[in-house]
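I have placed the structure first, in the form of structure tokens, so that the comments after it can refer back to it.
Residue numbers (the working numbering), protein chains in the order written: chain H, 177 to 647; chain C, 6 to 470.
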């Protein structure tokens, strides 16, 4: 029941938003809907015990063998919690802003939230594919209608990339479906069928699925849509893309890829680890070269995701726990960063680091929030980023790869580079001698959302077991 | 049989009606009533035959085995006439705007439907020939009905010359097959009667393939399509590109499923598969470069034909379901987008700029139709593609083809979404040629609802077939 509510509440919130005319009313209604979703998500997450799963199974297309079936383990619920939380935080931060066509905007946001929830919860391959697309379409419209000057081009690139991936997945999906003995999309029969296929066939299907998931993450050679899409989109949309849609790819990898094709040639895993490592270094180097803070964070996300991909393919408990925790952490941290970028851009009318400076003197609260969230992003101990990345490294260390030490060393280098560009960014924005630019400090709603993020960062940094015990 | 005779009579009635009708509007109303009657007759026929075919000694053949009536064909006829009714209601005002001879236009439509009923249940190749000709000749006339427009005359002439050429191929193919098999009847074909495949039989199949491929605009016989579709008056293009096209595909499928069933599957995949791949490639890649939405839709209809060819490659139960669903999904989406197009003055992409602000309803209709054509989930187009690809993938050596088709579907998103981008993301003042009446809106709403309902639960339709 809770699972259905998780899907239906954002959907209803979105659909009703289409009909509301008054911008204030739409905002209030959307925040209300997001809060209710968050309450439901927290109830579900707090209620679940280790190795337990919530299930829903309703008949949908009996002749095709597709059912409306949902399943949630603790890890799944952590993702839904992240989704619900991110939407609340974003809506809060937008409270005192004017958004053009706000009813359409919040409606599409609601629809995308519903799609995201569905991707995490679906336990039927066709249903999963449906939600995978349902999450994409509203975000495409959001990215195309609100945002920077080049948004049409950027959103088209984003859409074509992801849709191309989805269609490759569809090819694999059709093949997998026609191979099942009873023509079924249910997770159990898909998984058994996948495992029984010849290793070469598994390899082909693995590649098709992985391209779809890899584009969403994004992994190194498939990432070129990312920076422009993040940069051109309006901040709430950027949050949906980077904090949540990235997790779709990662979550799908550990649910719909690795367990279903267990016998693929291990060369694939090695290639993916290598690509992830390249992504870490490449993303970090690009981030160092950026002047625009939005692009900088976009590239830093490429680097952070690289480490999570390595964790996903480490195939042991540390890696898995670390991955779930870090997916959650990364979502929260990057939401905070995007909100701060938005705050900075609104106050200074620029995102260029070289033109910024002295925020600590004029807007101390914003500066403090920036510093703390940046610390979490570079995974300083006592922040949640540290716990997650530590577990990921532990997972890679315990994995069976031949050159795991090298992988770890290069990934570690990525962390150091991360500290360089993030701290450099903080120094340029918050300190420096340009104190003459007087700006307003955080308003009450911005304070609320950023402080909530900081609380999560510190609580999970000090006592991560409250989440880890459940995973 | 009832509908077949009725359409011919209705067509003649329609011609006489134009003598007595004073206003164009009353002709449209009359055509609508006749079409409604035709839908009723088809449903009656369906109910009748479902009872009849249940008994064990039922004879599905008519006219000394010239026609074969089965549940599938009858359902298809019901759907086709339903779509034609929708077409008449949606496009009545633009048909009236084409020229003076409104009664004749409608009469020609009824003749086309008469041909469609023949090709949907033929068992004898002569009936196939007859049906295709009855369908084609009115189309040549309709294409050229806008006499003051040079492009329309060009379209008509081009279509006629090329069509006549392909008729020659069709006839030659039938003759060769008769030579090889000694029969015109589909269920009597046996390619391996003498142990080996005869040269005459192979040539016959190839000639037939060229002729039918021409009619469905499969590459490399597609060259007439863009000019004809672009030059013809828009409502008639909508009819040709949707209802006529899917009907010929049904004939195509029957030919290969029933007539050529015992053909070597490898051969089938190699010839039809390569043709499908080429059609997809040419249709999609060329559509990307179009400036006019109408011309883009012409190329997209080539691309969609590429997808429908998978039905012929698959040729099993799933393919039969896929054929119906694809026919319905494609027809609905095509009629929907053309219904929006005829409301606009400017057919280029720029003509759509800012439509979402000025006419939000039209924009939603166009967006849903475009998504359905692109095959986005939650629209009928997705399941249509799903069924045809799933039926093809079961054949050997087709996985590459399915992957290629899906890559081409990704390309198609580019040009379909250009319309959505123009409507929603760009600013502009689109000019409407005619106003949008509440009836138009209601009909378009039906189209959109049908597309979405079939996108969620395609079995609502398919469980009947």
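For glycine and all other residues, C-beta sits at the position ideal for the given N, C-alpha and C.
CA nearest to the CA of residue i, picked from the options
{"i": "residue 467 of chain H", "options": "H:573, H:493, H:636 and H:529", "result": "H:529"}
{"i": "residue 215 of chain C", "options": "C:172, C:232 and C:205", "result": "C:172"}
{"i": "residue 572 of chain H", "options": "H:252, H:486 and H:549", "result": "H:486"}
{"i": "residue 643 of chain H", "options": "H:205, H:502 and H:399", "result": "H:502"}
{"i": "residue 467 of chain C", "options": "C:330, C:188, C:248 and C:452", "result": "C:330"}
{"i": "residue 609 of chain H", "options": "H:621, H:641, H:595 and H:536", "result": "H:536"}
{"i": "residue 475 of chain H", "options": "H:497, H:391, H:407 and H:545", "result": "H:407"}
{"i": "residue 402 of chain C", "options": "C:370, C:442, C:318 and C:343", "result": "C:318"}
{"i": "residue 447 of chain C", "options": "C:393, C:33, C:70 and C:91", "result": "C:91"}
{"i": "residue 205 of chain H", "options": "H:616, H:215 and H:191", "result": "H:191"}
{"i": "residue 165 of chain C", "options": "C:279, C:232 and C:39", "result": "C:232"}
{"i": "residue 291 of chain C", "options": "C:224, C:68, C:42 and C:393", "result": "C:224"}
{"i": "residue 357 of chain H", "options": "C:207, C:457, C:334 and C:399", "result": "C:399"}
{"i": "residue 39 of chain C", "options": "C:59, C:94 and C:350", "result": "C:94"}
{"i": "residue 288 of chain C", "options": "C:308, C:281, C:421 and C:299", "result": "C:308"}
{"i": "residue 349 of chain C", "options": "C:367, C:335 and C:333", "result": "C:367"}
{"i": "residue 327 of chain C", "options": "C:316, C:416, C:358 and C:144", "result": "C:316"}
{"i": "residue 512 of chain H", "options": "H:488, H:552 and H:482", "result": "H:552"}
{"i": "residue 161 of chain C", "options": "C:82, C:170, C:146 and C:377", "result": "C:146"}
{"i": "residue 433 of chain H", "options": "H:566, H:517, H:378 and H:547", "result": "H:378"}
{"i": "residue 67 of chain C", "options": "C:101, C:9, C:115 and C:33", "result": "C:9"}
{"i": "residue 497 of chain H", "options": "H:273, H:570, H:235 and H:583", "result": "H:570"}
{"i": "residue 419 of chain H", "options": "H:540, H:444, H:259 and H:245", "result": "H:259"}
{"i": "residue 374 of chain H", "options": "H:507, H:583, H:445 and H:436", "result": "H:436"}
{"i": "residue 103 of chain C", "options": "C:314, C:154 and C:193", "result": "C:154"}
{"i": "residue 207 of chain C", "options": "C:454, C:272, C:469 and C:314", "result": "C:272"}
Where residue i falls, given that 16 or more other Cβ within 10 Å makes a residue buried
{"i": "residue 434 of chain C", "result": "exposed"}
{"i": "residue 295 of chain C", "result": "buried"}
{"i": "residue 14 of chain C", "result": "exposed"}
{"i": "residue 606 of chain H", "result": "buried"}
{"i": "residue 239 of chain C", "result": "buried"}
{"i": "residue 603 of chain H", "result": "exposed"}
{"i": "residue 651 of chain H", "result": "It is not possible to answer for residue 651 of chain H, since the shown part of chain H is limited to 177 through 647."}
{"i": "residue 639 of chain H", "result": "exposed"}
{"i": "residue 635 of chain H", "result": "exposed"}
{"i": "residue 275 of chain C", "result": "exposed"}
{"i": "residue 445 of chain C", "result": "buried"}
{"i": "residue 267 of chain C", "result": "exposed"}
{"i": "residue 314 of chain H", "result": "buried"}
Cβ-Cβ separation, residue j to residue i (assumed contact under 8 angstroms), whole Å
{"i": "residue 283 of chain H", "j": "residue 208 of chain H", "result": "Not really, about 14 angstroms apart at Cβ, beyond 8 angstroms."}
{"i": "residue 335 of chain H", "j": "residue 429 of chain C", "result": "The Cβ separation is near 13 angstroms, so there is no contact."}
{"i": "residue 118 of chain C", "j": "residue 86 of chain C", "result": "7 angstroms"}
{"i": "residue 269 of chain H", "j": "residue 186 of chain H", "result": "Contact doesn't hold; Cβ gap of about 18 angstroms is too wide."}
{"i": "residue 412 of chain C", "j": "residue 343 of chain H", "result": "7 angstroms"}
{"i": "residue 189 of chain C", "j": "residue 130 of chain C", "result": "5 angstroms"}
{"i": "residue 405 of chain H", "j": "residue 319 of chain H", "result": "6 angstroms"}
{"i": "residue 23 of chain C", "j": "residue 107 of chain C", "result": "7 angstroms"}
{"i": "residue 474 of chain C", "j": "residue 406 of chain C", "result": "Because residue 474 of chain C is not part of the residues shown, which for chain C are 6 to 470, the question remains open."}
{"i": "residue 488 of chain H", "j": "residue 430 of chain H", "result": "5 angstroms"}
Proximity test, Cβ basis, 7 angstroms: residue i and chain D
{"i": "residue 274 of chain H", "result": "You won't find chain D in this structure, because its protein chains are H and C."}
Inset, instruction - Can you give me, in chain order, the residues of the stretch 399–415 of chain C that have a beta carbon less than 8 angstroms from any beta carbon in chain H? - result: Answer in chain order: 399, 404, 407, 408, 411, 412, 414 and 415.
Inset, instruction - With 7 angstroms as the C-beta to C-beta threshold (strictly closer), list the residues of the stretch 357–389 of chain H near chain C in chain order. - result: Residues of the stretch 357–389 of chain H with a Cβ closer than 7 angstroms to any Cβ of chain C: none.
Legend entry - Short-range partners of chain H found in the stretch 292–318 of chain C, where Cβ spacing is below 7 angstroms: Taking 7 angstroms as the Cβ-Cβ cut-off against chain H, none of the residues of the stretch 292–318 of chain C qualify.
Legend entry - Members of the stretch 439–464 of chain C that neighbour chain H once the beta carbon cut-off is set at 9 angstroms: Per Cβ criterion, the list reads 461, 462, 463 and 464.
Inset, instruction - Scan the stretch 301–314 of chain H for residues whose Cβ lies nearer than 7 angstroms to a Cβ of chain C and list them as they occur along the chain. - result: Across the stretch 301–314 of chain H, CB contacts with chain C closer than 7 angstroms involve 305, 306, 309, 310 and 313, in sequence order along the chain.
Legend entry - Runs of alpha helix (DSSP H) wholly within the stretch 578–631 of chain H (minimum 4 residues, chain order): Listed in chain order, the complete alpha helix (DSSP H) runs (minimum 4 residues) inside the stretch 578–631 of chain H are 580–606.
Inset, instruction - Would you mind listing the alpha helix (DSSP H) stretches within the stretch 361–423 of chain C that are 4+ residues and don't spill past its ends, in chain order? - result: 365–379 and 385–398, all fully within the stretch 361–423 of chain C.
Inset, instruction - Pull out every residue of the stretch 424–455 of chain H whose Cβ sits closer than 7 angstroms to any Cβ of chain C, in chain order. - result: For the stretch 424–455 of chain H, which is checked against every Cβ of chain C, not one residue is closer than 7 angstroms.
Inset, instruction - May I have a chain-ordered list of the alpha helix (DSSP H) segments no shorter than 4 residues that lie completely inside the stretch 361–446 of chain H? - result: Counting only runs of 4 or more, we get 363–372, 375–392, 402–408, 411–415 and 422–428.
Inset, instruction - Using a Cβ-Cβ cut-off of less than 7 angstroms, give me the residues of the stretch 249–272 of chain C that come near chain H, in sequence order. - result: Within the stretch 249–272 of chain C, no residue qualifies.
Legend entry - Under 8 angstroms (Cβ pairs) to chain C, residues found in the stretch 340–354 of chain H: 340, 343, 344, 346, 347, 350, 351, 353 and 354: these are the residues of the stretch 340–354 of chain H whose beta carbon lies less than 8 angstroms from some beta carbon of chain C, given in chain order.
Legend entry - Ordered list of alpha helix (DSSP H) runs contained in the stretch 79–138 of chain C, each at least 4 residues: Fully enclosed alpha helix (DSSP H) runs of 4 or longer: 107–125.
Inset, instruction - Can you give me, in chain order, the residues of the stretch 414–428 of chain C that have a beta carbon less than 9 angstroms from any beta carbon in chain H? - result: Listed in sequence order: 414, 415, 416, 418, 419, 422, 423, 425 and 426.
Legend entry - Proximal residues, the stretch 233–256 of chain H versus chain C, C-beta separation under 9 angstroms: Within the stretch 233–256 of chain H, the qualifying residues are 236, 237, 238, 239 and 240.
Inset, instruction - Please list the segments of the beta strand (DSSP E) lying wholly inside the stretch 207–250 of chain H, counting only runs of 3 or more residues, in order along the chain. - result: Secondary structure remark: continuous beta strand (DSSP E) runs of at least 3 residues inside the stretch 207–250 of chain H, in chain order: 230–237 and 242–248.
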